[in-house]
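A.B. asks:
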Amino acid sequence: MFLLESTSDIQMIGRLICLIIVFVFVLILAYFAARIAGSFQSNVINKQSNIRVIEIFRISTNKTLEIVRVGDKVLVLAVCKDNITLLTELNGDSVIEQNNTIEPIDFSQILEKFKKENSKNDRQN
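Be aware that the sequence shown starts at 4, since it is given in the numbering used here, and climbs by one per residue.
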């Protein structure tokens, strides 16, 4: 015969609340870990770097052309799976550097737009 542990409703609610708190804590840690990893990857932490990738053009799944500024020189590199080849050096004045910062999108604006579209569809039906 199996022995069942009797638990009260209060104990079950307490365990549920603890699990929810732990889950929220893990989500917060994951969010900050992603932010830190993203800042390292986009070189936000070290803005005074002498090496900057200006543009990347994907040729195939593992082959890219990259325009890289190294100090005062602008280089075009062919990057493959196992090697990197210098193709040419460009004139620094001929390279157009674009600021590709993505503006953050406010989720509340997207939600409001979605609500408006749904309310229009509901009225039409």
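Here a beta-carbon is modelled for each residue, glycine too, at the ideal position from N, C-alpha and C.
Quantities reported herein were computed from a predicted structural model and do not represent experimental measurements.
(1) Apart from the five residues just before and just after T67, which ones in its own chain have a Cβ nearer than 6 Å to its Cβ?
(2) With a CB to CB cut of under 8 Å and the five nearest residues on each side skipped, what residues in its chain are close to E92?
(3) What's the C-alpha gap between Q127 and I108?
(4) When DSSP labels each residue in this structure, what does S63 get in the three-state scheme?
(5) Which two residues bound the contiguous alpha helix (DSSP H) that contains K118?
(6) Quick check on V71: buried or exposed, where buried means 16 or more other Cβ atoms within 10 Å of its Cβ?
(7) Specify, as a first and last residue, the run of the beta strand (DSSP E) that V98 falls within.
(8) Could you give the distance in angstroms between the alpha-carbon of S11 and the alpha-carbon of R18?
C.D. replies: Taking the coordinates as given:
(1) The residue given as residue 67 occupies position 64 in the sequence shown. The residues are I59, R61 and V82.
(2) The residue you call residue 92 lines up with position 89 of the sequence shown. If we look at E92 and ignore the five residues flanking it on each side, its Cβ neighbours are K76, V77, L78 and V79.
(3) Locating residue 127 in the sequence shown gives position 124, where the first residue counts as 1. Locating residue 108 in the sequence shown gives position 105, where the first residue counts as 1. About 29 Å.
(4) Numbered from its first residue, the sequence shown carries residue 63 at position 60. Looking at S63 - three-state DSSP - the assignment turns out to be strand.
(5) Working through the sequence shown from its first residue, we reach residue 118 at position 115. Counting along the chain, the alpha helix (DSSP H) containing K118 begins and ends at F110 to Q127.
(6) Within the sequence shown, numbered from 1, the residue matching residue 71 stands at position 68. Looking at its Cβ environment, which holds 16 or more other Cβ atoms inside 10 Å, V71 is buried.
(7) Position 95 of the sequence shown, counting from 1, holds the residue named residue 98. Run containing V98: none; DSSP gives neither H nor E here.
(8) Sequence index remark: in the sequence shown, residue 11 carries index 8 (1-based). Sequence index remark: in the sequence shown, residue 18 carries index 15 (1-based). C-alpha separation (whole angstroms): 11 Å.
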